[in-house]
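By the UniProt record's numbering, the letter at position 285 of the sequence shown is numbered 285, and the numbering carries on one by one without gaps.
By construction, the Cβ of each residue, glycine as well, lies at the ideal position given by its N, Cα and C atoms.
Given the structure is predicted, the values throughout are model-derived calculations rather than measurements.
First the structure, in the form of structure tokens, and then the observations on it.
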Amino acid sequence: MHALSQPAAQGLIRLRDYRAPAWRVETVDLDVDLGIDASEVLARLLLRRDPAQDAPLRLDGEGLQLLSIALDGRQLPASAYRYDGSVLEVDGARDGSVLETLVRLRPAANTALEGLYLSGPRESGFLLTQCEAEGFRHITFFPDRPDVLSRYTVTLRADRTRFPVLLAGGNPDGAGELDGGRHWARFVDPHPKPSYLFALVAGHLEVIGRDYVTADGRAVQLKIWAEADAIDRCHYAMDALERAMRWDEQAYGRNYDLDVFHVVATHDFNMGAMENKGLNIFNAKCLLAEPDSTTDDEYRHVEAVVAHEYFHNWSGNRVTCRDWFQLSLKEGLTVFREQSFSADMNSAPLKRIEDVALLRRAQFPEDAGPLAHPVRPAQYSEINNFYTATVYEKGAELVRMLAGALGRDGFRRGMDRYFARNDGRAATLEDFLAALGEANDTDLTPYLAWYAQAGTPRLKAHGRYDAATRTYTLTLAQHMAGVATAEARPPLPIPVKLALFTPHGDMLPLHLDGQTSKPATEQVVVLDRAEQSFVFTNIATVPVPSLLRGFSAPVILECDYTPDELALLLGHDADGFNRWEAGQQLAARAYEDLRDSTAGTALQAWCDALARLFDHAVIDDALLADLLTPPGEIELAERETAIDPQRIHHLRQALQQRLAARLGAAALRQRYAALAAHTNTELDASSQARRRLKRRALELLALLDPAGAGELAAAQYRAAPGMTDRLAALSVLLRGDAPQAAAALRDYRERHAGNALALDKWFAVQAQLPGEPALERVRLLERDAAFTLKNPNRVQSLLGAFVRNNPSGFHRTDGAGYRLLAERLVALDALNPQVAARLATAFNGWQRLEPLRREAARAAIVELAGHHGLSRNLAEIVDSVLN
Ligand code: ARG
Ligand code: ZN
């Protein structure tokens, strides 16, 4: 083997080092001979050379077994090429040359689930591929980078009995019989695409179909494929797909562009789903749904992910990314599009609450610790580690700000321009901002700073009322925690949507000084300097500002509200999101009162305001359930240094107990009974809302009357017509340590023994039981016959749920949680580096733990870091976390 002088073979890949490819591939002909143990891939590449560069032909190929290689029809001698296991260098290629390589793959031995692999048992499972980000190089030799767009023709051959279904992206282009019980099928994709969007699927699969006609008149066959035991759970996804396709036509004028659209479900998948052109592949948990095993939250998730992957057909596939630094160009944009879709399909304020809660739970902590990175990172070692909450969720918030700045019509105009100008191209974030801006004669480049800075900005707000002049001056200032100098970072444009309320809860008309347009009761001001004041005139009384309405910018608001002011907003803000937001702020203050044993008024104000809403208000049941839920333990921890997760858990419990006591056991019981009278499994908004509030009422009641709530939960468990009610009851029984818990757990296990997704929830609900005993339970569950490190969903449901969603269980003072994680990471890493690396991010934030735990965590991470042979994926996370 010859050493190559590849600059990027090791170490960091940097955005600033980007160079256009020296070689492109115009057409790809793949001939794949499929087998479980061995598959062979013959690739014929028509090469195009950039005349301005004279680099030799170098192709990516990861651990491939090369069987033969030919250039322009001639077999190459060993002296004419070099392969070091990662890069193939070939001599003598010219513009227009055709390179043919034949490689052998081992799908059944591929536990990393990247490239071509087997899902399910070897006798009955099926073969599939996952290429994003760099999986195609595990399949064949190729310039495996997203700015190389090629037209693909794919021919699959296989034994007909073992692989009756053969699928690849693009339009079907013939199929037939071969000798020896074999058959073939060909697919041609007319749309040039990057290699990460390639996919194939082969095996025993059932299908449901639907005919669809696009707004521009194309007849499309929609097909969802799943294994026999799952196909009946695909109907909801089919409906969701049709809704998503219609929505993209109406909201963005985007039509589907092939004659078929395939969706496939697998139980073995590293991520949620993948938008391969014409052949989306889904983790079963993001696709399958039926009332008996799917919760309401999961139904909405399925709808959202189906839409997300479909929307990628334009935001990602037709317009793709120049390089992986631009990942948020497709992911942030597509998350934003999916959020808008979900808001239209369901309740907009509830969707916003859900998304902001996720941002705070997942992205803010990421942005506050050693794994923080900009939405467009400047460098990486392993790109798979950058499919993060920052790139996805914060990225979506940035698009939301841009959309808000342009307004509904302006954003649509800008998006039309973006799609038109970049169709068939590999674009950058600059291209995106340029198209949006130019279509609206406005300069959006100041927003680029948002893409380049890590960290969550803080927005300080201070209001001053002057009775004499009847003016209200709102002073806004921005700063970044831990960043002293303003020079280091340019100020960000921060759109602040706001309203002013009278002490009676009415909105005031807003006259911004010097502004002529007619006053509205809600307005956006943009803070684009370090500090700025806004003067509102004609204000008759001291107002209460409602700031950052709808979460108009992804910042942490610091405002000197009194508890009464927050209670006023909680009680009166007409916007559901801001009402919730005021409640969250007030609850956090109440929590701090409890924690510091200060005699503050926040606790009383919070409880009183919620009691009023609970007793009297005409308010949506689901929103009420969310209002009755204080910020989670992870969010509360974000406000602290020297974090003690167990103390946080107990304080949050105490906080909820105070709320429950204020509402009263009788009222909670009564509300529960009223809601329980309408039990069903319908998915309409009010049925879902009733189930949500019913669960919340039961959880609060359990804090006052454990035995009574246990009885109700046991009855609810037995009578539950669907998974939402069943899982809620099981969780209440387990958390209350109710005598009925063990029987319910056994019953659930038996009832859902054959359903992997339902079983995942059985593991997860136990892994999330708070406190020290959780660890022993996790160890016990690891020995369960159904547990395996080989299935990412199962790993996530037990270990992921424990280390990520159970702070008081994971963060033990003796460090046993950290050691367990470190040990499992080593074992997992040998099987599946992507999943190991993602799990390892649970160590993020250890520096802010109180000293005892901090030292224990550090010791476990150092030990892990010293382990030989960690994957690049895991090593990058561990090294970053330590520094
Ligand atoms: N593009 C996929 C999505 O829809 C995610 C694929 C991520 N794959 C990976 N190996 N990190 O979000
Ligand atoms: Zn995506």
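Rounded C-alpha distance that separates residue i from residue j
i: K518; j: L476; result: 23 Å
i: V25; j: D173; result: 21 Å
i: Q847; j: R691; result: 39 Å
i: V319; j: H191; result: 11 Å
i: R726; j: V765; result: 12 Å
i: D257; j: A168; result: 16 Å
i: L197; j: P630; result: 42 Å
i: R408; j: V525; result: 17 Å
i: S675; j: L406; result: The sequence shown places Leu at residue 675, not Ser. Each residue's Cα considered, the two are about 43 Å apart.
i: M271; j: H301; result: 14 Å
i: N793; j: T562; result: 45 Å
i: E863; j: Y465; result: 57 Å
i: P721; j: A226; result: 25 Å
i: A622; j: A587; result: 18 Å
i: C559; j: G395; result: 25 Å
i: N384; j: Q834; result: 7 Å
i: R783; j: E823; result: 15 Å
i: L46; j: A758; result: 48 Å
i: S79; j: Y818; result: 51 Å
i: I230; j: L874; result: In the sequence as displayed, the identity of residue 230 is Ala instead of Ile. About 33 Å.
i: P21; j: V87; result: 15 Å
Any non-hydrogen atom of the ligand ARG closer than 7 Å to residue i Cβ
i: A273; result: yes
i: A112; result: no
i: Q339; result: no
i: Q834; result: yes
i: residue 892; result: There is simply no residue 892 to check, as the chain begins at 1 and stops at 883 in what is shown.
i: A133; result: yes
i: N270; result: yes
i: D384; result: According to the sequence provided, residue 384 is Asn. The question's Asp does not apply to it. Correct: N384 has its Cβ closer than 7 Å to the ligand ARG.
Residue i Cβ short of 7 Å to the ligand ZN heavy atom set
i: E298; result: no
i: H312; result: yes
i: H183; result: no
i: H649; result: no
i: H204; result: no
i: E331; result: yes
i: H308; result: yes
i: T295; result: no
i: T334; result: yes
Burial state of residue i, where buried means 16 or more other Cβ atoms lie within 10 Å
i: Q478; result: buried
i: Q584; result: buried
i: K790; result: exposed
i: Q53; result: exposed
i: G800; result: buried
i: R746; result: exposed
i: N680; result: exposed
i: P276; result: The identity of residue 276 in the sequence shown is Asn, whereas the question assumes Pro. Buried: at least 16 other Cβ atoms inside 10 Å.
i: Q688; result: buried
i: L178; result: exposed
i: H267; result: buried
i: I861; result: buried
i: I224; result: buried
On the three-pair Cβ rule with 8 Å, is the segment 89 to 109 touching the segment 22 to 37? yes
Taking three-plus beta-carbon pairs below 8 Å as touching, is the segment 244 to 260 in contact with the segment 197 to 214?
yes
Notebook entry, point to check: Counting pairs of Cβ atoms below 8 Å between the segment 572 to 582 and the segment 541 to 551, do you hit three or more?
Noted result: yes
Fill in: Three CB pairs or more closer than 8 Å across the segment 148 to 164 and the segment 15 to 34
Contact between the segment 148 to 164 and the segment 15 to 34 is present, because at least three Cβ pairs lie under 8 Å.
ask   = How do the segment 308 to 322 and the segment 582 to 599 stand: do at least 3 beta-carbon pairs fall below 8 Å, yes or no?
value = no
### Message
Could you check whether the segment 325 to 338 touches the segment 803 to 811, counting it as contact only if at least three pairs of C-beta atoms, one from each stretch, sit closer than 8 Å?
### Response
Result no; under three Cβ-Cβ pairs closer than 8 Å.
| query | Three or more beta-carbon pairs under 8 Å between the segment 335 to 348 and the segment 557 to 573, yes or no? | reply | Counting Cβ pairs under 8 Å, fewer than three are found: no touch.
Does the segment 413 to 424 come close enough to the segment 433 to 440 to have 3 or more Cβ pairs within less than 8 Å? Cβ pair count under 8 Å is three or more, so yes.
TODO: Decide yes or no for the touch test of the segment 616 to 629 against the segment 692 to 712: beta carbon pairs closer than 8 Å, at least 3 of them.
DONE: yes
_Between the segment 351 to 368 and the segment 806 to 826, can you find at least three pairs of beta-carbon atoms closer than 8 Å?_
The segment 806 to 826, when compared against the segment 351 to 368, does not touch it at the 8 Å Cβ threshold.
Practice problem: Check whether the segment 127 to 137 touches the segment 59 to 72, counting contact only when three or more Cβ pairs, one atom from each stretch, lie closer than 8 Å. | Solution: A contact exists between the segment 127 to 137 and the segment 59 to 72.
- Can you find at least 3 beta carbon pairs, one from the segment 702 to 716 and one from the segment 727 to 739, that sit closer than 8 Å? yes
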